[in-house]
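Line by line, the protein sequences are chains D and U.
Residue numbering for the first sequence is 1 to 859, as defined by the working numbering.
Residue numbering for the second sequence is 1 to 72, as defined by the working numbering.
Note that CB positions come from ideal geometry on N, CA and C, so glycine has one too.
A short write-up of the structure that comes next.
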Amino acid sequence: MNSEMEKENVEQVSLPVQGMTCAACVAKVEKTLKSITGVQKVNVNLMSGKVSVSYMPDKAGVPQMVKAIQDVGYVVPEEEVLLTVRGMSCAACVAKIEKGVKGLPGVTSVVVNLPAESTKVKFYPGAVDKSRIKKEIKALGYEASEKLSGQAALDSEKEARQKELRYQTRNMWIAWPLAVIVMVGMFRDMWIFPYFVPEFLGNPYVLWAISTPIAFIPGAQFFKHSWNGLKRGATDMNLLYATGIGAAYIIATINTFWPDAGFGGRGATFFESVALLTTFIVLGRYLEAITRGKTSEAIRKLMSLQARTARVIRNGQEVDIATDEVEIGDIVVVRPGESIPVDGEVVEGYSSVDEAMITGESIPVEKRAGSSVIGATINKTGSFKFKATKVGSETALAQIIKMVEDAQATKAPIQKLADLVAGHFIAGVHVLALIVFFIWFFFGYNAFFSPDSQFILSPYSLAEVGVFGFALLLSVTTLIISCPCALGLATPSAIMAGTGKGAENGILFKGADAVEASSKLNAVVFDKTGTLTKGEPSVTDVFVSPGFVHNDILRLAAMSEKPSEHPLGEAIVRGAKDKGLNIDDVERFEAIPGYGIRASYQGQEILLGNRRLMKQEKIAIGNLNAKMEQFEEEGKTAMLMAIDGQAAGIIAVADTLKENAKVAVERLYHMGVEVAMITGDNRRTAEAIARQVGIKTVLAEVLPQDKAEEVKKLQAKGYKVAMVGDGINDAPALAQAEVGIAIGSGTDVAKETGDVILIKDDIRDVVGAIEIGRATMRKIKQNLIWAFVYNITGIPLAAGILYPVTGLLVSPELASFFMALSSFSVTMNTLLLKRFQPSFKKDKNKSETMPVHMAQSAR
Amino acid sequence: MNELETKAARQASLIYTAISLVITFLFLGLTFVTGESYNLVARIGGMIWIFVLSMIVSMPIIIPAVKKRVVG
């Protein structure tokens with residue numbers, strides 16, 4: 001009997017295990033799993049790398065097995081699925097799905113995003129599969145499907161939104177006209193209504209007949225969803241509505257058909273409660289259907305940039321094909337005004353391309369043979385041909401969309417509080433409704449009830465309501481007003497808007513936690529080379545002795561350095577070329593290691609190098625020494641030049657600051673952020689650069705591997721640190737900082753480490769990232785405060801706290817109106833983020849409009 | 001729903017119904033001991049409302065707990 005029962009109670013899972021190489025591994029895994037109480041049979045397949053386990057679920061669980069396997073040194077890989085889940089309406093729905101899916105064996109994490117209508121599930125394949133997860137979500141009363149990408153996702157999302165909007169519009173068309181008729185009927189005997197409202201409309205049977213479809217056609221969704229959840233042990237706000245509408249409807253029905261039953265009789269039918277309660281809730285749903293998705297407009301905008309077709313050359317002919325069909329190596333033809341379909345490299349032609357949609361840079365970028373082009377950007381002027389190098393999910397646009405979507409599917413730490421509250425809210429509110437009922441039934445009614453009592457903003461009298469009806473009304477109103485919709489939308493909607501705003505400006509946040517951490521930053525550490533500076537030396541100064549000509553000196557220096565492969569020499573050659581100087585070949589060239597070079601051209605003997613070279617050649621440098629010291633003090637590498645034994649001048653070379661570094665640093669100081677520069681360079685050079693850029697704290701002579709240690713030291717002083725670096729060399733420091741910002745990564749964003757990826761090579765975007773983080777968190781805090789204040793003040797009012805003093809009560813329909821208003825106002829407040837612009841963009845927009853104005857006034 | 005889940009659902013329904021009935025009868029008992037006189041409608045109506053709310057409160061607590069114990 002016992003063994004039969006056990007057999008009945010046995011489950012089987014098949015887990016993938018990585019790292020097994022031989023029979024000994026097999027034996028080890030088998031032995032480990034068999035040692036778990038409740039595991040009956042273990043079968044390890046080395047070839048397929050799978051372990052099949054029969055176990056008694058009341059004694060053993062999948063997480064226990066996975067841990068045991070991991071403890072002996074093997075890996076059980078997780079799989080991840082991103083689902084689109086439709087039908088969620090509040091934080092309680094989020095909690096309900098998270099609870100339901102987490103309950104499945106083998107599921108390790110579930111993150112539900114309400115405004116994005118997405119659910120990210122991590123699980124052990126073999127223990128559970130995608131279809132089981134979808135089935136579980138569907139059983140809870142929601143629609144679940146795997147998230148699509150690109151145009152398909154756009155179409156699917158649009159279709160689903162339109163379907164929901166159509167459904168709620170239909171409900172509005174049923175609920176509102178009928179509710180107005182019910183209201184008119186209920187107040188037929190008052191004011192001027194008797195003059196024009198037909199008498200039959202005041203008949204309780206007619207009112208009941210009109211109220212019934214309101215409760216059961218537009219209101220059916222609440223009953224259906226709440227029952228689906230409840231039978232699986234999960235609750236959401238639909239249950240609050242269903243209980244409220246159901247209770248009001250039952251009372252109305254009893255008082256209509258059995259007026260002597262003692263529920264208040266014909267004077268307390270509450271048809272208007274049934275009608276308006278349902279109608280306002282439906283209004284809330286309708287407004288949600290309109291506004292939902294507006295917060296994720298940025299991502300939709302990005303998706304819509306994808307060109308649908310591409311013109312490629314196949315068999316020597318131009319043919320139009322779907323963008324999805326473009327293959328790597330295809331030659332794509334782009335004409336003026338067209339969208340570039342995929343990423344690639346220009347092979348022929350010249351044009352300028354608007355890349356603002358990807359990089360946030362508003363000035364079009366010139367493209368010629370060899371330049372790389374990004375899919376979804378717009379070709380402005382000329383025509384060109386390019387070779388496709390990245391297609392499909394590899395393109396910059398696809399990577400950016402994925403990164404933003406992934407970020408939006410994460411939760412900010414600040415959301416934990418809202419989740420905790422919302423997760424326990426529904427049960428808590430029902431307990432509260434029980435308490436409210438008990439108090440008013442056993443104590444409040446006898447102590448405070450007055451037949452003159454009225455609902456706020458309603459002429460309706462409660463004269464005929466008995467103790468049960470009165471306590472029930474207050475209990476129902478408490479249920480209705482407590483809906484945590486606003487609480488559920490407060491954080492994720494702002495995160496979506498914030499990450500979208502970032503993407504619009506070429507700033508990619510990798511997660512909601514990165515947005516929150518960015519808002520708290522009070523120190524930014526910049527790596528010097530390649531971050532603050534351009535990372536390649538260039539000629540900064542040419543100082544000429546009397547009797548020599550500036551351009552001649554530079555030209556001769558460049559000619560002399562032309563055969564050299566030294567970076568400083570290359571910088572001089574570049575400098576001369578930039579000035580359009582003609583660089584001939586020298587007749588003789590000699591590198592003197594540790595000193596410089598010697599060259600001769602048209603009989604002139606040229607020397608270029610350090611002081612030691614001049615000393616060795618016995619050349620008097622005179623007052624050039626002072627100038628040389630000045631250049632060195634500024635962190636530049638200065639080279640003395642002599643022609644035919646005479647000191648001719650100095651050429652100074654240095655790594656130069658990036659264009660906007662100084663203004664960005666100034667702005668950071670202005671924002672109250674401490675700024676530091678970290679470099680492996682010697683202190684004198686480092687300080688010279690820091691002076692130019694305006695940084696006061698210099699961390700010089702730091703080896704790459706010690707950069708993380710320096711970040712740690714700042715953190716120990718209480719700073720919340722952002723490290724800004726190139727994302728490859730600075731990876732440990734980026735990881736150590738609260739926020740790692742990888743700058744100027746270009747469009748291969750997926751390869752980057754760091755919490756924030758800046759697509760453009762513009763230091764000002766560091767400021768932008770902090771500003772967006774702060775603006776988003778400000779919005780979240782406003783939303784949360786509003787949501788909490790709404791619930792904290794609304795619940796006591798609905799529970800009748802003011803009734804003993806004022807004799808006024810909140811009616812269920814007014815409660816539902818407030819509820820609809822709260823989530824609507826949170827969404828609208830979040831949408832204000834769409835107007836936010838990082839300060840530099842704002843300044844740029846201003847300066848773009850200024851010259852026009854000035855020109856007009858000059859005339 | 002597999003057999004184990006059905007078993008868990010059956011066990012859970014017995015528990016939450018029992019809890020709800022206890023609270024409901026506690027309410028009924030109180031209507032007699034508080035000294036106030038309540039009519040039949042108030043008592044029955046109150047009992048129904050208390051039973052509904054108690055079920056709503058106990059179901060989400062009991063069902064997952066029992067399911068966890070039975071299904072694992």
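Worksheet entry | GLY794 of chain D: first and last residue of the uninterrupted alpha helix (DSSP H) it sits in | Position 794 of the first sequence, counted from the first residue, corresponds to residue 794 of chain D. Unbroken alpha helix (DSSP H) run through GLY794 of chain D: 764 to 798.
Worksheet item: In chain U, what lies closer than 7 angstroms to THR253 of chain D by C-beta?
Response: In the first sequence, residue 253 of chain D corresponds to position 253, counting from 1. What THR253 of chain D touches in chain U: nothing, since even the nearest Cβ is about 13 angstroms away.
Practice prompt. Determine which residues of the segment 48 to 61 of chain U have a Cβ less than 8 angstroms from any Cβ of chain D, and write them out in chain order.
Written response: TRP49, ILE50, VAL52, LEU53, SER54, ILE56, VAL57, MET59, PRO60, ILE61
Fill in: Entirely enclosed alpha helix (DSSP H) segments - the segment 343 to 382 of chain D, minimum 4 residues
356 to 359
Discussion item. Using only the alpha-carbon positions, how far apart do TYR595 of chain D and HIS550 of chain D sit?
Written reply: If you number the first sequence from 1, residue 595 of chain D lands on position 595. If you number the first sequence from 1, residue 550 of chain D lands on position 550. Straight-line Cα distance between these residues: approximately 23 angstroms.
Discussion item. Within 8 angstroms of any Cβ in chain C, is that where the Cβ of VAL41 of chain U sits?
Written reply: The chain inventory of the structure shown lacks chain C, comprising the protein chains D and U.
Practice prompt. Please report how far the alpha carbon of GLU6 of chain D lies from the alpha carbon of GLU5 of chain U, in whole angstroms.
Written response: Within the first sequence, residue 6 of chain D is the residue found at index 6, counting from 1. Within the second sequence, residue 5 of chain U is the residue found at index 5, counting from 1. Here the model assigns GLU6 of chain D a pLDDT of 49, short of 50, so the residue's position is not dependable, and the following value carries that caveat. Taking the straight line from one Cα to the other gives about 15 angstroms.
Practice prompt. Could you tell me whether the Cβ of GLY87 of chain D comes closer than 8 angstroms to any Cβ of chain U?
Written response: Reading the first sequence from its first residue, position 87 is the one you call residue 87 of chain D. With 8 angstroms as the cut-off, GLY87 of chain D does not count as an interface residue toward chain U.
Worksheet item: For PRO57 of chain D, does the count of other Cβ atoms within 10 angstroms reach 16, so buried, or fall short, so exposed?
Response: Translated into positions along the first sequence, residue 57 of chain D becomes position 57. Buried, since its Cβ has 16 or more Cβ neighbours within 10 Å.
Item to complete: Using the Cα positions of ALA12 of chain U and VAL57 of chain U, report the straight-line distance between them to the nearest angstrom.
Response: As a first step, residue 12 of chain U must be located in the second sequence, where it is residue number 12. As a first step, residue 57 of chain U must be located in the second sequence, where it is residue number 57. In a straight line, the C-alpha of ALA12 of chain U is about 13 angstroms away from that of VAL57 of chain U.
Worksheet item: Is it right to say ASP578 of chain D is buried, meaning 16 or more other beta carbons lie within 10 angstroms of its own, or is it exposed?
Response: As a working mapping, residue 578 of chain D is identified with position 578 in the first sequence. Exposed, since its Cβ has fewer than 16 Cβ neighbours within 10 Å.
Item to complete: With THR533 of chain D as the anchor, note down where its beta strand (DSSP E) starts and where it stops.
Response: Position 533 of the first sequence holds residue 533 of chain D. 533 to 544 is the extent of the beta strand (DSSP E) around THR533 of chain D.
Practice prompt. Would you tell me roughly how many angstroms separate the C-alpha atoms of HIS853 of chain D and LEU554 of chain D, rounded to the nearest one?
Written response: Taking the first sequence and counting its residues from 1, the one referred to as residue 853 of chain D is at position 853. Taking the first sequence and counting its residues from 1, the one referred to as residue 554 of chain D is at position 554. Residue confidence is low: HIS853 of chain D scores 40 on pLDDT, short of 50, so the model does not pin down where it sits. No coordinate-derived value is stated.
Item to complete: May I ask you to report which of helix, strand or coil DSSP gives THR84 of chain D?
Response: The residue you call residue 84 of chain D lines up with position 84 of the first sequence. DSSP places THR84 of chain D in strand when its eight states are reduced to three.
Fill in: Near-chain U residues of the segment 784 to 807 of chain D - C-beta to any C-beta below 7 angstroms
none
Worksheet item: What are the partner residues of ARG314 of chain D, as DSSP defines its beta bridges?
Response: Counted from its first residue, the first sequence places residue 314 of chain D at position 314. In the DSSP output, where bridge partners are listed per residue, ARG314 of chain D has D:GLN317.
Worksheet item: On the three-pair Cβ rule with 8 angstroms, is the segment 412 to 430 of chain D touching the segment 472 to 489 of chain D?
Response: yes
Practice prompt. Establish whether the CB of VAL22 of chain U and some CB of chain D are separated by less than 8 angstroms.
Written response: In the second sequence, counting from the first residue as 1, residue 22 of chain U sits at position 22. It does not; no Cβ of chain D falls within 8 angstroms.
Worksheet entry | Contact list for the segment 36 to 61 of chain D against chain U, Cβ threshold 9 angstroms | Sequence-ordered contacts of the segment 36 to 61 of chain D with chain U read GLY38, TYR55, MET56, PRO57, ASP58, LYS59, ALA60, GLY61 [C-beta pairs closer than 9 angstroms].
Worksheet item: Between which two residues does the alpha helix (DSSP H) carrying THR323 of chain D extend?
Response: Residue numbering aside, residue 323 of chain D sits at position 323 when the first sequence is read from its first letter. No alpha helix (DSSP H) contains THR323 of chain D, which DSSP labels as neither H nor E.
Worksheet entry | Best match in D:LEU462, D:VAL101, D:ASP71, D:ILE331 for proximity to LYS68 of chain U [C-alpha to C-alpha] | Position 68 of the second sequence, counting from 1, holds the residue named residue 68 of chain U. Taking only the C-alpha atoms, the option nearest LYS68 of chain U is D:VAL101.
Worksheet item: How many Å lie between PRO218 of chain D and VAL767 of chain D at the Cα?
Response: Residue mapping note: residue 218 of chain D aligns to position 218 of the first sequence, counting from 1. Residue mapping note: residue 767 of chain D aligns to position 767 of the first sequence, counting from 1. Spanning the two alpha carbons is a distance of roughly 49 angstroms.
Discussion item. Assuming the contact rule is C-beta atoms closer than 8 angstroms, LEU809 of chain D and PHE455 of chain D should be a hit. Round their C-beta distance to whole Å, please.
Written reply: For the purposes of this step, residue 809 of chain D is taken as the residue at position 809 of the first sequence. For the purposes of this step, residue 455 of chain D is taken as the residue at position 455 of the first sequence. Right, their Cβ atoms sit about 5 angstroms apart.
Worksheet item: According to DSSP, what are the bridge partners of SER118 of chain D?
Response: Your numbering for residue 118 of chain D matches position 118 in the first sequence. Looking at the DSSP assignment, SER118 of chain D forms a beta bridge with D:THR84, D:ASN113.
Worksheet item: Can you give the Cα-Cα distance for TYR195 of chain D and PRO177 of chain D, rounded to whole angstroms?
Response: Your numbering for residue 195 of chain D matches position 195 in the first sequence. Your numbering for residue 177 of chain D matches position 177 in the first sequence. About 21 angstroms.
Practice prompt. For THR830 of chain D, name the three-state secondary structure that DSSP assigns.
Written response: For the purposes of this step, residue 830 of chain D is taken as the residue at position 830 of the first sequence. Helix, per DSSP.
Worksheet item: What residues of chain D sit near THR6 of chain U, judged by a beta carbon separation below 7 angstroms?
Response: Position 6 of the second sequence, counted from the first residue, corresponds to residue 6 of chain U. Chain D residues near THR6 of chain U: none, gap ~12 angstroms exceeds 7 angstroms.
Worksheet item: Which one of D:GLU327, D:LEU581, D:GLY773 has the shortest CA to CA distance from GLY511 of chain D?
Response: As a working mapping, residue 511 of chain D is identified with position 511 in the first sequence. The candidate whose alpha carbon is nearest that of GLY511 of chain D is D:GLY773.
Fill in: Other residues of its chain near PHE548 of chain D: CB distance less than 8 angstroms, five sequence neighbours each side excluded
By one-based count along the first sequence, residue 548 of chain D stands at place 548. Result list for PHE548 of chain D: ILE643, ALA648, GLY649, in chain order.
Worksheet item: How long is the line joining the alpha carbons of ALA18 of chain U and PRO64 of chain U, rounded to whole angstroms?
Response: On the second sequence, residue 18 of chain U is found 18 positions in, with the first residue counted as 1. On the second sequence, residue 64 of chain U is found 64 positions in, with the first residue counted as 1. If I take the Cα positions, the gap works out to 17 angstroms.
Fill in: Option in D:LEU607, D:ALA737, D:SER109 with minimal Cα separation from LYS520 of chain D
Looking up residue 520 of chain D in the first sequence gives position 520. Nearest of D:LEU607, D:ALA737, D:SER109 to LYS520 of chain D, Cα basis: D:ALA737.
Worksheet item: Who are the Cβ neighbours of LYS138 of chain D in its own chain at under 7 angstroms, not counting the five residues just before and after it?
Response: As a position in the first sequence, residue 138 of chain D is number 138, starting the count at 1. Closer than 7 angstroms at Cβ, skipping near neighbours: ALA144.
Discussion item. I want to verify the contact list: residues of chain U whose CB lies under 7 angstroms from the CB of ASN228 of chain D, in sequence order.
Written reply: For the purposes of this step, residue 228 of chain D is taken as the residue at position 228 of the first sequence. Going along chain U, no residue has its Cβ under 7 angstroms from ASN228 of chain D, so there is no contact; the nearest lies around 13 angstroms.
Item to complete: Could you please tell me which residues of the segment 818 to 847 of chain D, in chain order, have their CB closer than 8 angstroms to any CB of chain U?
Response: none
Worksheet item: Would you say the segment 717 to 736 of chain D touches the segment 518 to 533 of chain D, given that touching needs at least three Cβ pairs under 8 angstroms?
Response: yes
Item to complete: Assess, as a yes-or-no matter, whether the segment 754 to 766 of chain D is touched by the segment 658 to 671 of chain D under the definition of 3 or more beta carbon pairs within less than 8 angstroms.
Response: In short, these stretches touch, since the Cβ pair count reaches three.
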